[in-house]
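Student:
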Amino acid sequence: MDKTVKERQAFLYDVLMMSIMTIPVLSFAFMAILLMFKA
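Add 1225 to the 1-based position in the sequence shown for our numbering, that's all there is to it.
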């Protein structure tokens, strides 16, 4: 297996984990902002 391919896969894995961690936080913040504007 090529080193660049391995690095690319590791990078994609890191990006995937980051998105899994941040998307719920971002959606929660978005909902909170919407509720604040509606109130």
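Using N, Cα and C, we set each Cβ at its ideal position, and we do this for glycine too. Computed from a predicted model, the values in this text were never measured in an experiment.
(1) Using a Cβ-Cβ cut-off of 7 angstroms (strictly less than) and excluding sequence neighbours within five positions of Phe1236, which residues of its own chain qualify?
(2) Taking just the CA atoms, how far does Leu1241 sit from Phe1253?
(3) Given this structure, state the Cα-to-Cα distance separating Lys1263 from Phe1255, to the nearest angstrom.
(4) For a test of the three-state rule: what should DSSP assign to Asp1239, helix, strand or coil?
Tutor: In short, the structure shows the following:
(1) Here residue 1236 refers to the residue found at position 11 when the sequence shown is read from its first residue. Here the set comprises nothing.
(2) What you label residue 1253 is simply residue 28 of the sequence shown in a count that begins at 1. What you label residue 1241 is simply residue 16 of the sequence shown in a count that begins at 1. The alpha-carbon atoms of Phe1253 and Leu1241 are separated by roughly 19 angstroms.
(3) Here residue 1263 is taken as the residue at index 38 of the sequence shown, counted from 1. Here residue 1255 is taken as the residue at index 30 of the sequence shown, counted from 1. Straight-line Cα distance between these residues: approximately 12 angstroms.
(4) Here residue 1239 is taken as the residue at index 14 of the sequence shown, counted from 1. Helix at Asp1239.
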